[in-house]
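Residue numbers (my numbering), protein chains in the order written: chain A, 123 to 480; chain B, 33 to 311.
Written as structure tokens, this is what we have:
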């Protein structure tokens, strides 16, 4: 089922929860709404679910406007961060509650409950109450309850936030696998960019109620439209330096104190002659070299597989990932090489990318 | 093993509590004793042991209706309160907690003010109202008035309990297919069982022991409640047989005490286990 949001807005008095959201979700697509707390992603999700009434704008399912439809008539399933299981009912009753409300006969209910429970691996827990289950098991029951009515749209509101890190990893791939197998259009709200990047076909990045970017994970990573997107996506986060780009001897130089690199012409020409611009480069595109920009090691954070090293170059700070075997220490002088093919440039006032926005 | 000093230290709270509750305990002991003896001097029985004062259970005391009609009235009042206060408060509390309607804030402050309002000052006004709707001197009238006076507390209490239920559960119910009323009945109410239990117990006891309202608004002696009946034993003769008063008083006390004794376990375990994933 396709979902379209047209100029969707939600206001509570002076407070704007969602501001003119426009996007389209294709059939069987897995879309993530990504952003920090308070950015409007849950507000938008609840409007799609029918729990919030939009202040303005339209929501369309397969081309039909559904603004006026009650949640129960929208054929959706939703998984909440707190699972929202009914504590006074058993797992079986929780799972079959939507069917009971639709007056599905008991035989059919039992069959479908068994099928869903087997799919989720909770078949042996049918008679327990939610309080007797672990977090992961409760999560699966919540997922089962959303799936049992075979909805056209699945909504997830940060479902993995309450699970421990290990479990989060396994559930992530399970949910993704499930969605692919069942082919149900899904919207997944999260503040965790790793979740969004690993699971979604397209990611909608939101901030302060506005849509900042809407594209596949690779594009979001390599071609960020705004400074916010560039800083939010990717772990460890992107390095930013305030530089000036000048053209010298046919080459474009990005310069600031203690820092001078040559950038490719396709990128450099867009940033040149604008005074101060913001240069962005990801830690993985910075490496140690024999010759290069000199800097002093400020902090070393061991991550296990790599060391995250904070280097001071003049007034600026750059992070990069180093081999732990090198045993870098605070105060060491290092020489860095920058892979400028991946460099990004941003306008310091509008925070928009100088490379990808036209 | 505990040292002597530790043991003495541990008993001190009990000693203090014992001293403070002594007057009340003495009162209860006196009631018990004097209902079985013709006279007592302080706590010491002087006359013969007798069941005379308990005869009211079998045959009515002079010119008074049978105790069982009175008990029935009291039961109707107490149960009526338990049922209606809880029902109305639960519905009002839900609306105040979840729905947004004009005048909501004003209504909330109003319930708080009304709860603090001394009901005694309203007696005359209520009298006129009851007479106008022809419910003066009826049990129905008494129940109506008593319920209304308890509602501000009930509504506030219920609203508080509803506030503590997570919004997500209701949203899940709405998505699963419940309408508002069904959500209230099937999802929310079972989750505030402690609140319902607490309120129904308070309401029942208020009804069972209520005196002022039944006294003011009923005149026929067959419509009295136990408290009113008790009052009539004290008020009307020059000689008050305290033994008789004690017996009737004990009679009023016993059901409530038994109830508490047997429901202690249940009341303490009334909280359904919470779920792990947040509220």
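Glycine residues also receive a C-beta, built at the ideal position from the N, C-alpha and C atoms.
Residue i classed as buried or exposed, judged by whether at least 16 other C-beta atoms fall within 10 angstroms
{"i": "residue 132(B)", "result": "exposed"}
{"i": "residue 279(B)", "result": "buried"}
{"i": "residue 40(B)", "result": "exposed"}
{"i": "residue 163(A)", "result": "buried"}
{"i": "residue 197(B)", "result": "buried"}
{"i": "residue 429(A)", "result": "buried"}
{"i": "residue 217(B)", "result": "exposed"}
{"i": "residue 408(A)", "result": "buried"}
{"i": "residue 202(B)", "result": "buried"}
{"i": "residue 347(A)", "result": "buried"}
{"i": "residue 441(A)", "result": "buried"}
{"i": "residue 232(B)", "result": "buried"}
{"i": "residue 306(A)", "result": "buried"}
{"i": "residue 129(A)", "result": "exposed"}
{"i": "residue 447(A)", "result": "exposed"}
{"i": "residue 17(B)", "result": "For chain B, the structure presents residues 33 to 311; residue 17(B) sits outside this window and is missing."}
{"i": "residue 190(B)", "result": "buried"}
{"i": "residue 100(B)", "result": "exposed"}
{"i": "residue 34(B)", "result": "exposed"}
{"i": "residue 307(B)", "result": "The predicted model places residue 307(B) with a pLDDT of 33, which falls under 50 and marks its position as unreliable; any figure quoted below should be read in that light. Buried is the call here."}
{"i": "residue 311(B)", "result": "Note that residue 311(B) scores a pLDDT of 35, beneath 50, so its modelled location is shaky; the value from the coordinates is reported in the next line. It is exposed - the Cβ of residue 311(B) has fewer than 16 other Cβ atoms within 10 Å."}
{"i": "residue 169(A)", "result": "buried"}
{"i": "residue 246(B)", "result": "buried"}
{"i": "residue 204(A)", "result": "buried"}
{"i": "residue 216(A)", "result": "buried"}
{"i": "residue 393(A)", "result": "buried"}
{"i": "residue 423(A)", "result": "exposed"}
{"i": "residue 292(A)", "result": "exposed"}
For residue j and residue i, believed in contact at Cβ under 8 Å, the rounded distance
{"i": "residue 197(A)", "j": "residue 136(A)", "result": "Actually they do not touch by this definition, with Cβ atoms about 35 Å apart."}
{"i": "residue 351(A)", "j": "residue 363(A)", "result": "With a Cβ gap of about 18 Å, residue 351(A) and residue 363(A) do not count as contacting."}
{"i": "residue 249(B)", "j": "residue 168(B)", "result": "6 Å"}
{"i": "residue 435(A)", "j": "residue 380(A)", "result": "5 Å"}
{"i": "residue 187(B)", "j": "residue 240(B)", "result": "Not confirmed; about 21 Å, so no contact."}
{"i": "residue 117(B)", "j": "residue 235(B)", "result": "4 Å"}
{"i": "residue 222(A)", "j": "residue 234(A)", "result": "Not a contact, Cβ separation roughly 11 Å."}
{"i": "residue 277(A)", "j": "residue 167(A)", "result": "6 Å"}
{"i": "residue 271(A)", "j": "residue 220(A)", "result": "5 Å"}
{"i": "residue 244(B)", "j": "residue 194(A)", "result": "The pair is not a contact, with the Cβ atoms about 49 Å apart (cut-off 8 Å)."}
{"i": "residue 127(A)", "j": "residue 173(A)", "result": "15 Å between Cβ atoms; not a contact."}
CB contact below 7 Å: residue i versus chain E
{"i": "residue 200(A)", "result": "The structure shown contains no chain E; the protein chains it does contain are A and B."}
(request) Counting only runs of 3+ residues fully inside the region 410–456 of chain A, write out the beta strand (DSSP E) ranges in chain order. (result) DSSP runs (the beta strand (DSSP E)) wholly in the region 410–456 of chain A: 429–435 and 438–444.
(message) When you compare the region 346–359 of chain A with the region 400–419 of chain A, are there three or more beta-carbon pairs, one atom per stretch, that lie closer than 8 Å?
(response) Segments in contact, yes.
(message) For the structure I just gave you, are there three or more beta carbon pairs, one from the region 244–257 of chain A and one from the region 206–223 of chain A, closer than 8 Å?
(response) By the Cβ criterion, the region 244–257 of chain A is in contact with the region 206–223 of chain A, since at least three pairs of Cβ atoms, one from each stretch, lie closer than 8 Å.
(message) With three or more beta-carbon pairs closer than 8 Å as the criterion, would you say the region 456–469 of chain A touches the region 388–400 of chain A?
(response) yes
(message) Any contact between the region 408–428 of chain A and the region 442–459 of chain A? By contact I mean 3 or more CB pairs, one from each, below 8 Å.
(response) A contact exists between the region 408–428 of chain A and the region 442–459 of chain A.
(message) Which complete alpha helix (DSSP H) runs does the region 103–147 of chain B hold, if anything under 4 residues is left out?
(response) DSSP runs (the alpha helix (DSSP H)) wholly in the region 103–147 of chain B: none.
(message) So within the region 315–388 of chain A, which uninterrupted beta strand (DSSP E) runs reach at least 3 residues, ignoring any that extend past its ends?
(response) The region 315–388 of chain A contains these whole beta strand (DSSP E) runs: 324–329, 332–337, 361–370, 373–378 and 381–385.
(request) Return the chain-ordered ranges of every beta strand (DSSP E) run that is complete within the region 252–320 of chain A and spans a minimum of 3 residues. (result) 275–279 and 307–312
(request) Could you please tell me which residues of the region 206–225 of chain A, in chain order, have their CB closer than 7 Å to any CB of chain B? (result) Under the 7 Å Cβ criterion, the region 206–225 of chain A contributes 206, 207, 208, 209, 210, 219, 220, 223 and 224.
(message) Check whether the region 306–315 of chain A and the region 272–290 of chain A touch, using three or more Cβ-Cβ pairs below 8 Å as the test.
(response) yes
(request) Give, in chain order, every unbroken run of the beta strand (DSSP E) that is at least 3 residues long and sits entirely within the region 178–251 of chain A. (result) 178–183 and 198–201
(message) Check whether the region 165–177 of chain A and the region 127–144 of chain A touch, using three or more Cβ-Cβ pairs below 8 Å as the test.
(response) Enough Cβ pairs lie closer than 8 Å, so yes.
(request) Could you run through the region 202–234 of chain B and flag, in chain order, every residue whose CB is less than 9 Å away from some CB of chain A? (result) 202, 203, 204, 205, 206, 207, 208, 209, 210, 211, 214, 218, 219, 222, 223 and 225
(message) For the region 172–203 of chain B, list every residue whose C-beta sits within 7 Å of some C-beta in chain A, in sequence order.
(response) 198, 200, 201 and 203
(message) Tell me whether the region 246–257 of chain B and the region 35–49 of chain B touch, counting them as touching only if at least three CB pairs, one residue from each stretch, are closer than 8 Å.
(response) At 8 Å Cβ cutoff, the stretches do not touch.
(request) May I ask you to list, following chain order, the residues of the region 158–172 of chain A that have a beta carbon less than 9 Å from some beta carbon of chain B? (result) 168, 171 and 172
(request) Could you tell me whether the region 110–124 of chain B touches the region 173–193 of chain B, where touching means 3 or more Cβ pairs closer than 8 Å? (result) When C-beta atoms of the region 110–124 of chain B are compared with those of the region 173–193 of chain B, three or more pairs fall below 8 Å, so the two segments count as touching.
(message) By the 9 Å beta-carbon criterion, what residues does the region 175–196 of chain A contribute toward chain B?
(response) Taking 9 Å as the Cβ-Cβ cut-off against chain B, the residues of the region 175–196 of chain A that qualify are 192, 193, 194, 195 and 196.
(message) Just to confirm the assignment: which complete alpha helix (DSSP H) runs, minimum length 4, are found wholly within the region 175–229 of chain B?
(response) At a cut-off of 4 residues, the continuous stretches assigned as alpha helix (DSSP H) that sit fully inside the region 175–229 of chain B are 199–208.
(request) Flag this pair as touching only if the region 315–324 of chain A and the region 151–166 of chain A have three or more C-beta atom pairs under 8 Å; answer yes or no. (result) yes
(message) If contact is defined by three or more beta carbon pairs under 8 Å, each pair taking one atom from either stretch, is the region 229–241 of chain A in contact with the region 187–205 of chain A?
(response) The region 187–205 of chain A vs the region 229–241 of chain A: no contact.
(request) Check each residue of the region 305–316 of chain A: if its Cβ is closer than 7 Å to any Cβ of chain B, include it; give the result in chain order. (result) none
(request) Could you tell me whether the region 53–66 of chain B touches the region 363–377 of chain A, using the rule of 3 or more Cβ pairs below 8 Å? (result) no
(message) Three or more C-beta pairs under 8 Å: does that hold for the region 275–293 of chain B against the region 60–74 of chain B?
(response) yes
(request) Closer than 9 Å, Cβ to Cβ, to anything on chain B: give me those residues from the region 397–430 of chain A, in chain order. (result) none
(request) Note down, one range per segment and in chain order, each alpha helix (DSSP H) of at least 4 residues found wholly within the region 256–280 of chain B. (result) Whole alpha helix (DSSP H) segments, 4+ residues: 258–267.
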